[in-house]
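Sequence lines, in order, name chains A and E.
To convert, note that position 13 of the first sequence is 12 in numbering that gives the first Met the number 0; the numbers rise steadily by one, no gaps.
To convert, note that position 150 of the second sequence is 149 in numbering that gives the first Met the number 0; the numbers rise steadily by one, no gaps.
Glycine included, each C-beta is placed from N, C-alpha and C at the ideal position.
Working notes, beginning with the structure itself.
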Amino acid sequence: MPFRRTLSVLTALPLVVPSYVGAFLAISALGPKGLLQQMLSPIGVESLPEIYGLPGAAITLTLLSYPYTLLTVRAAFRNLDPSLDESARLLGHGSWSTFFRMTLPQLKPAMAAGSLLVALYTLSDFGAVSLMRYETFTWAIFQQYQSAFDRSIAAVLSLVLVLFAVLILMGDGFVASKGRFYRTGSGSARATNAVRLGRWRWPAVAFCVAAVVAALGMPTAVLGYWLVKGVSAGEPLTLVWSATLNSLYVSLMAAVAATVLAVPVAALAVRHPGHLSRLFERVSHTGYALPGIVVALALVFFGSRLVQPIYQTVWVLVFAYVVLFLPAALGSFRSSLMQVSPKIEEAARCLGHGRISVMLSITAPLTRSGLLMGGALVFLVTMKELPATLILGPLGFSTLASRIWSASSEAFFAQAAAPALMLIFISSVPLAILMIRDRSRQ
Amino acid sequence: MNEAVLQCVGVTKSFGDFVAVRDVTFDVSRGEIVAILGSSGCGKTTVLRLIAGLERPDAGQILIRGEVASTPQRQTPPDKRGIGMVVQEYALFPHMTVRQNVAFGLNNLSNDQKKDRVAEVMSLVRLENLQDRYPHELSSGQQQRIALARTMAPRPSAVLLDEPFSNIDAGLRSEVRRDVEEILRVNDIAAVLVTHDRDEAFAIADRVAVMSDGELHQVDTPEAVYHLPSSKRVAQMTATCDFIEGVVLQDGTVDTEAGILAYDTHSSDIEPGSSVELVIHPDDFGIDENESGAMIVQAREFRGDATVLMIALPSGATLRCRQDSHCAITSGRRVDLILNRPGPFAAFSV
């Protein structure tokens, strides 16, 4: 397929567009008196289909979260054993039949895992649904928290939300326990062959390009429009710099803290498997299922009652990020550690090196890329996290996310444009590096 | 060949309820190669890991150069033992060049000394020109020799080799094996080698330790474990063989269907009149075609360098007889057995 490499990076990039940015762009472009309508009004179009509510929220979240499924399924595709497909062909199955009876079933676990990620993401999403005025649990919780003095209603709603998340995760466990990928031989893996698409080439490219345009191109274009409009209207850009620095600061802290904490947990789980270490690892994964707003509320209760001195400081905020995103760091370091055979460490021990020396000279260099990758992931998701940032951020501490939110929830789209562009730009850098590294290893 | 470099005394190791190694006792002298022969899962790798200090014994003790290194209570860490180990997968460090891999164990040397020693062991394994390669750029035979070079570099007092030849192409295996043996012999190093391949064990080892289900059954020279196995189990593990029953006579022979045969044994409870089984190897008997013979050729298997005939005895028991490649006797023929050697044959009581 033409442009394979470029498209493989571009199709994953919508990950960096925060849902609330996507939503405000959709509203400003497609909503009432939005850009599209302004363009169409000369030819007599007076109103567009309603964007607010379920359709808008669904479209926005679908466009921005599809990379989760894309990435998991793509990884699974890469790991498929080509000899299985070849055996199917040799047993008399055509390419379609092989695809449906051999390839697709093997991808099922990955597709399920990806879908569940999307489900969790959507369940805990707060920004897009709020802007689209679609009343979900996260929105209701935030309303209760802001308006009511009695926070027990928010707490009850949070518990229900957690219950949903747990149900989704149980579904994940169900699928994962049944799905396994097997390679037939223990020998070194042969790379999967690329399929020649023939005349399907251009439709395939068109489909990928359409996805990229809808999820990445349009948002950037609309953002650019608002930026130009804002700057020409005298919108000050200086405010963005301090917010950028704040965002970088907390995201870096969260990335470092999550990475540092991931090391012992993963080491325990991989090198000393047992009931206790498994429990430890499970507990570390809860952040995965907990919506950000729930963690934030829990920390508000906790912070305002028990640890008053650090409540309303950056530390609580970073702690929330770590709770939420530790699983990302953990997963990536864990898989890189699993690839280092304990035999290698043992061999180093037998050559006269002590435990610490082996860790520094053997284990650390071999797991470095996994560690970096986990840190980069945490950095990326922290940059765009919204509800915890809103609730736990110290007074007057504005980040890119909180500035975008405050501007766009008041419909000052031009004000939101500069921080949004900055946010997308900063988070694309680590993601693009990750993707390129990942490919160069193949 | 007298001072014991390694001694295992009554070593036992369990994983949960599973006893992987039970009461293992043996020793290895300076310059001696001992092969532990056993099928997979019999505990032989665990023995190596115990010696290397990677596992702690539940009972017994391990001595290195006469000093206690492992007891259930106390154990010297692997990096303080001066024991080298080459594992089946070689475990070369993928992020280091060959030179860095080999120098890894040379902690206490100056840079110049390191360089000299690396050059020395690299020439020992005859791979001087590969020092700047990375492990994945080497063939498995080269990786094997680098792993050995890395292990030898710090001058260990003993080397442990876990299935060292199993990842090497069959065609190269005997050549690599001879190289390894020569390196060990020239450096007068004690070695314990673990293998499931009896030909390999016989070819390289001074003594073979036959192991199954976590226990050592017999530790002896290759000739002894082959010709005079201590049990039926050992006989089956060390050779292709058949068993023939008989009754012990007064003069130290056994009366069998295949004739009266001399016997030898490890067991003490064999006396005239008792029933025994004798171990018969395929080359112990020759055959003669004879239309009135009591034996029948039941099956014939052409092996290229030999022809193996399956001979049915009157009782229904069968013996394999190895004939030369041009042997034309076909199945169904009646034959007589002719003793190729006077014996004795290893006997076990039934």
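What in chain A is Cβ-close to residue i, meaning under 7 Å?
i        : result
E:Asn166 : Near E:Asn166 there are no residues of chain A at all, since even the closest Cβ is about 11 Å away, more than 7 Å.
E:Pro153 : Leu350 and Gly351
E:His94  : Pro364 and Leu365
E:Arg332 : Correct list: empty, because the minimum Cβ distance to chain A is about 44 Å.
Please report the distance separating the alpha-carbon of residue i from that of residue j.
i        : j        : result
A:Phe180 : E:Tyr133 : Residue placement at A:Phe180 is poorly supported in this model, since its pLDDT is 45, which falls under 50; the coordinates are not used for a value here.
A:Ala109 : A:Leu289 : 22 Å
A:Ala57  : E:Glu136 : 51 Å
A:Ser187 : E:Val191 : A caution first: A:Ser187 carries a pLDDT of 42, below 50, which makes its placement in the model unreliable, though a value can still be read off. Each residue's Cα considered, the two are about 29 Å apart.
E:Met0   : E:Leu105 : Because E:Met0 sits at a pLDDT of 43, beneath the cut-off of 50, its placement in the model cannot be relied upon, and the point is left open.
E:Phe92  : E:Asn100 : 6 Å
A:Phe2   : A:Arg354 : 47 Å
A:Gly178 : A:Leu83  : Bear in mind that a pLDDT of 43 at A:Gly178, under 50, signals an unreliable position, so the model cannot answer this.
A:Ala87  : E:Asp168 : 29 Å
E:Thr255 : E:Val46  : 40 Å
E:Pro228 : A:Arg333 : 49 Å
E:Thr194 : E:Ser38  : 8 Å
A:Ala295 : A:Ser335 : 31 Å
E:Asn128 : E:Arg98  : 10 Å
A:Ala456 : A:Pro17  : With chain A covering only 0 through 441, there is no way to say anything about residue 456 of chain A.
E:Thr306 : E:Cys320 : 8 Å
A:Val128 : A:Arg270 : 42 Å
A:Arg444 : A:Ser405 : Past the boundaries of the shown model lies residue 444 of chain A; chain A is included only from 0 to 441, so the question cannot be answered.
A:Thr10  : A:Leu62  : 11 Å
A:Leu70  : A:Arg195 : 21 Å
E:His325 : E:Ile61  : 53 Å
E:Tyr89  : A:Gly373 : 30 Å
A:Leu422 : A:His284 : 27 Å
For residue i, count the other beta carbons within 10 Å of its own beta carbon; 16 or more makes it buried, fewer makes it exposed. Which is it?
i        : result
A:Trp199 : exposed
E:Gln217 : buried
E:Val349 : exposed
E:Lys12  : buried
E:Asn339 : exposed
E:Arg184 : exposed
E:Thr44  : buried
A:Gly33  : buried
E:Lys79  : exposed
E:Thr239 : exposed
A:Met169 : exposed
E:Glu353 : Lying before the first or after the last residue shown, residue 353 of chain E is absent from chain E, which here runs from 0 to 349.
A:Trp225 : buried
E:Gln6   : buried
A:His274 : exposed
How about residue i and residue j: are their beta carbons less than 8 Å apart?
i        : j        : result
E:Arg55  : E:Pro76  : no
E:Arg29  : E:Asp198 : no
E:Arg64  : E:Ser156 : yes
E:Val10  : E:Val23  : yes
A:Val380 : A:Ala327 : yes
A:Ala141 : A:Leu106 : According to the sequence provided, residue 141 of chain A is Phe. The question's Ala does not apply to it. Against a cut-off of 8 Å, the Cβ pair of A:Leu106 and A:Phe141 comes out as no contact.
A:Ala257 : A:Leu325 : yes
E:Gln297 : E:Thr317 : yes
A:Thr366 : A:Val339 : yes
A:Ala415 : A:Ala232 : no
A:Ile425 : A:Met358 : no
E:Leu36  : E:Ala202 : no
A:Val239 : A:Ala417 : yes
E:Val179 : E:Pro153 : no
A:Ile167 : A:Leu90  : no
E:Arg21  : E:Glu181 : no
E:Gln141 : E:Leu126 : yes
Give me the chain A residues within the contact set of residue i, using Cβ-Cβ distance strictly less than 9 Å, ordered along the chain.
i        : result
E:Asn106 : Leu350, Gly351, His352 and Ser356
E:Ile310 : None at all; the shortest Cβ gap to chain A is about 41 Å.
E:Ile337 : Ordered by position in chain A, no residue passes the 9 Å Cβ test against E:Ile337, which lies about 48 Å from the chain.
E:Arg98  : The contacting residues do not exist; E:Arg98 stays about 14 Å from chain A at best.
For residue i, verify whether its CB is less than 7 Å away from any heavy atom of the ligand SAH.
i        : result
E:Val334 : This structure simply doesn't include the ligand SAH, nor any ligand for that matter.
Below 9 Å on C-beta distance, what does residue i contact in chain C?
i       : result
E:Ala51 : As a matter of chain content, chain C is missing from the structure shown, whose protein chains are A and E.
Identify the contact partners of residue i in chain E, using a Cβ-Cβ distance below 8 Å as the criterion.
i        : result
A:Ser340 : Glu88 and Ala90
Which residues in chain A sit within 8 Å of residue i, going by Cβ to Cβ distance?
i        : result
E:Phe103 : Ala347, Leu350, His352 and Ser360
E:Pro77  : Glu345, Arg348 and Cys349
With contact counted as at least three CB pairs below 8 Å, one residue from each stretch, are the region 390–408 of chain A and the region 336–349 of chain A in contact?
Too few Cβ pairs lie closer than 8 Å, so no.
When you compare the region 267–274 of chain E with the region 234–250 of chain E, are there three or more beta-carbon pairs, one atom per stretch, that lie closer than 8 Å?
yes
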